[in-house]
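Beneath this line is the structure, given in structure tokens, with notes to follow.
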Amino acid sequence: MAARLDRLIGYRPRAARLACLLCAALLILQSGACMASGPRTGTESAATAASTADPSVTAETATAGSEGESSQAIDRRPQAASGTLRIWWKTRTTLNPLLETSRSGQAVNDLIFQGLFRINENQSVEAELAAGLKVREDGLQAIITLKPGLVFHDGQPLTAADVAACLQYVINPENHSIYASGLSAVGAVNMVDSQNLELLLNQPDPWLSYALTFPIIPAASLTAGPFDLVPGTGSYKMLSYDGQSGLELELAVSGDPSELKKIQVKAYRNESEAMGAFERDELDLVMLDDQEYGRYTLRSSLRLDYYTGNKAVFLSCNTQSSRPLASGDRLLFIKKLINAAALSKTEAAGWGEATDVGLPAASWLMNKISPDDTPVLDQLGTPAWNASSKPLSLLVPADDEWRLKLAGIIGSLLENAGIAYEQQTLAADVFWQTVTAGEYDLAILSASLPAAPVPDWLYKSPRAPLFSALDSINSQGSGLADYAAWQTKLSQLLPVSSEAASGMSAAGADLTQAILETAARSPWCCLMLMSEGLAYGDRVSGQCRPDRYHPYQNIEELWVWSGQSSSFS
1 MAARLDRLIG YRPRAARLAC LLCAALLILQ SGACMASGPR TGTESAATAA
51 STADPSVTAE TATAGSEGES SQAIDRRPQA ASGTLRIWWK TRTTLNPLLE
101 TSRSGQAVND LIFQGLFRIN ENQSVEAELA AGLKVREDGL QAIITLKPGL
151 VFHDGQPLTA ADVAACLQYV INPENHSIYA SGLSAVGAVN MVDSQNLELL
201 LNQPDPWLSY ALTFPIIPAA SLTAGPFDLV PGTGSYKMLS YDGQSGLELE
251 LAVSGDPSEL KKIQVKAYRN ESEAMGAFER DELDLVMLDD QEYGRYTLRS
301 SLRLDYYTGN KAVFLSCNTQ SSRPLASGDR LLFIKKLINA AALSKTEAAG
351 WGEATDVGLP AASWLMNKIS PDDTPVLDQL GTPAWNASSK PLSLLVPADD
401 EWRLKLAGII GSLLENAGIA YEQQTLAADV FWQTVTAGEY DLAILSASLP
451 AAPVPDWLYK SPRAPLFSAL DSINSQGSGL ADYAAWQTKL SQLLPVSSEA
501 ASGMSAAGAD LTQAILETAA RSPWCCLMLM SEGLAYGDRV SGQCRPDRYH
551 PYQNIEELWV WSGQSSSFS
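Position 506, counted from 1, in the sequence shown is what the numbering used here calls 506; the numbers after and before it change by one each time, with no gaps.
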């Protein structure tokens, strides 16, 4: 019952949530006698913890509430955030957020630090610490202006000197910061004054604002010890760190007594160990990657939130002249047979978001698609499959559980269409060697997407450094007859300035159409973006509003009860 109530109240305004949570607590207490004698299930356990562990919720309060004496119930309502929320990140080598490489660590750092800009759920960006970004007409100079009055958690002012130091630190190849890849166009960083700094670019970068979302920290922290506390400007500040107990966070500024005040961040090697800790009641909230989230969706006793992650799964179709898919008719047949729409009718629909273009449906670049639009693939004709001389070769890596399952689904689609195939399941290194040698017809690949909604990440040549390995695949550059023409058109329609790429205004219908047309004619079949998720323990009431960029968004509004958390007891 409590789990259902949590779902209903998760996104209501705070005042309404307080009232609903109070009603939930009273309802739980009234039914407590029925629960006490039976085993505790995953959906019941949050209710039990709420009714038995919080000392401010008493039988007297419950009785008063049931008799309509609302004033007494309001006076004795439970304290929000009565416990410390326990979350996880990967084992630590540093607290410097500019050196963070793990998704779990980046999610925690998002609570502590802010960037110049922030990426929203629909992949638009908005100013965070920056007041604005002005780009010269030729795209080779950018001026960043900071908001006035910014201060770090330690009370020190945040100035352009701190931002310049962070930028220089990130782009220095000796530091190996993962944020450097998005700033490859930046050649020099110069301070103008305490509120402004100048970036000189080697080439125009329409996605510059998306790369300026890395954490801003004091210049002095860049040379501090690896486990020295680092001040930020986010909702939570570092309070203490210990190698055994982990990192303790405290709400930086509280304007509401119901906000979650304390968070303890514990380190584990990976998601699997974190879920083991969850079962042992060491954690309350666990961020899960696509592999672990998929496994735990089968546990009906768990309360889970999911969101579209940053891992794309797609097919490479080998169109070399010696291969069966060199025929345009055969390639089009395969693309119409194996695509996002086809997967959405299979069990794969529960694994993530189906997509033909490697962008989520919520992206501002996709907002011109109408449900009534005829798919581009259907507009290209309905070819028949002309049997080839030998079965198609389908490659899949042995170390990816979801790609192995996807291979089974693709195999079924091929068989149902009367197409013979042979699946080769190969070790990761052999898999990639076979793909780059062109010894296949279909290969199931995956890639981590950039932060920016770059629509031609799979179609441009040469590709950005993050995807440069794809340049070695022999099928790249070929496709249906007018693929090259659409590649060119797409590149011409892309934003040419950072302001145009900000996502503040909707994408034009011609750009959205060019993305769809290019994808349909390419030798690639984008299939889906895998889901990630959050697992909630029994002490937690309410919900985050997770998305790929901010998995712990809304965490300050969670209620944490004292008592046992594990959903497995």
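Ideal Cβ positions, reconstructed from N, Cα and C, are used throughout, including at glycine. Since we're looking at a predicted model, the values are computed, not measured.
Other residues of its chain near residue i: CB distance less than 8 Å, five sequence neighbours each side excluded
i	result
asparagine 196	Ile143, Ile144, Thr145, Leu146 and Ala160
alanine 267	Trp88, Trp89, Lys90, Thr91, Arg92 and Gly246
asparagine 318	Leu325, Gly438, Tyr440, Asp441, Leu442, Ala443, Asn474, Ser475 and Pro523
arginine 330	Pro324, Pro383, Trp385, Asn386 and Ser388
aspartate 228	Leu95 and Ser221
Residue i Cβ short of 6 Å to the ligand HEM heavy atom set
i	result
leucine 315	By its list of ligands, the structure shown contains no ligand whatsoever, and the ligand HEM lies outside what it can speak to.
Beta-carbon proximity check, residue i vs residue j, cutoff 7 Å
i	j	result
leucine 511	leucine 493	yes
lysine 261	leucine 247	no
cysteine 526	phenylalanine 333	no
isoleucine 212	leucine 116	Note on residue identity: the sequence assigns leucine, not isoleucine, to residue 212. A contact, by the Cβ cut-off of 7 Å.
alanine 185	glutamine 203	yes
serine 531	tryptophan 559	no
glutamate 517	valine 376	yes
alanine 535	leucine 200	no
asparagine 122	alanine 362	yes
valine 170	serine 181	no
leucine 129	glutamine 114	yes
valine 135	leucine 167	no
proline 551	methionine 275	no
glycine 533	tyrosine 293	yes
tyrosine 307	proline 453	no
glycine 381	leucine 480	no
leucine 249	tyrosine 241	no
alanine 165	methionine 191	no
Same chain, Cβ closer than 6 Å to residue i, neighbours up to 5 away in sequence not counted
i	result
isoleucine 515	Val357 and Pro455
isoleucine 555	Cys544
glycine 38	For glycine 38, the pLDDT reaches just 32, beneath the cut-off of 50, and the residue's location in the model is therefore unreliable, leaving the point undetermined.
alanine 354	Ala340, Leu343, Ser344 and Met528
glutamate 126	Arg118
leucine 458	Gly358 and Trp524
alanine 519	Asp356 and Val357
proline 226	Thr94
alanine 312	Gly358, Ala447, Leu449 and Leu529
Beta-carbon proximity list for residue i, same chain, < 7 Å, skipping 5 on both sides
i	result
glycine 105	Trp89 and Lys90
isoleucine 419	Trp385 and Leu392
arginine 323	Asp441
leucine 426	Leu395, Pro397, Ala398 and Thr434
methionine 366	Leu359 and Thr512
leucine 466	Ser181 and Pro450
glycine 187	Leu200, Leu201 and Asn202
alanine 407	Leu394, Val396, Gln423 and Ile444
Rounded distance between the beta-carbons of residue j and residue i, thought under 8 Å
i	j	result
isoleucine 616	leucine 413	This structure cannot settle anything about residue 616, because the visible part of the chain is limited to 1 through 569.
proline 215	glutamine 156	So it is not a contact: roughly 16 Å between Cβ atoms.
serine 124	tryptophan 364	5 Å
arginine 548	asparagine 310	5 Å
serine 221	proline 231	7 Å
lysine 335	alanine 509	Between alanine 509 and lysine 335 the Cβ distance is about 23 Å, and since that is not below 8 Å, they are no contact.
glutamate 282	arginine 86	7 Å
glycine 438	glutamine 244	Contact flag wrong, Cβ pair sits at about 52 Å.
threonine 84	glutamine 264	5 Å
alanine 348	isoleucine 409	6 Å
aspartate 289	glutamate 271	5 Å
arginine 521	aspartate 482	6 Å
glutamine 487	tryptophan 402	Going by Cβ atoms, the distance from glutamine 487 to tryptophan 402 rounds to 29 Å, so no, they are not a contact pair.
leucine 140	valine 151	Their Cβ separation, rounded to whole angstroms, is 33 Å, which puts leucine 140 and valine 151 out of contact at 8 Å.
ask   = Does the region 434 to 446 touch the region 394 to 405, meaning 3 or more C-beta pairs lie closer than 8 Å?
value = yes
query = Can you list, in chain order, the stretches of the beta strand (DSSP E) that have 3 or more residues and sit fully within the region 427 to 498?
reply = 442 to 448
request  = Just list the beta strand (DSSP E) runs in the region 368 to 407, keeping only unbroken ones of 3 residues or longer that don't cross its boundaries, in chain order.
outcome  = 392 to 397
query = Which parts of the region 102 to 163 are runs of the alpha helix (DSSP H), unbroken and 4 residues or longer, counting only runs that do not cross its ends?
reply = 103 to 112
query = Which runs of the alpha helix (DSSP H) fall wholly inside the region 200 to 227 and span at least 4 residues, in chain order?
reply = 208 to 211
Alpha helix (DSSP H) runs wholly inside the region 288 to 356, at least 4 long, in chain order = 290 to 296, 328 to 337 and 340 to 343
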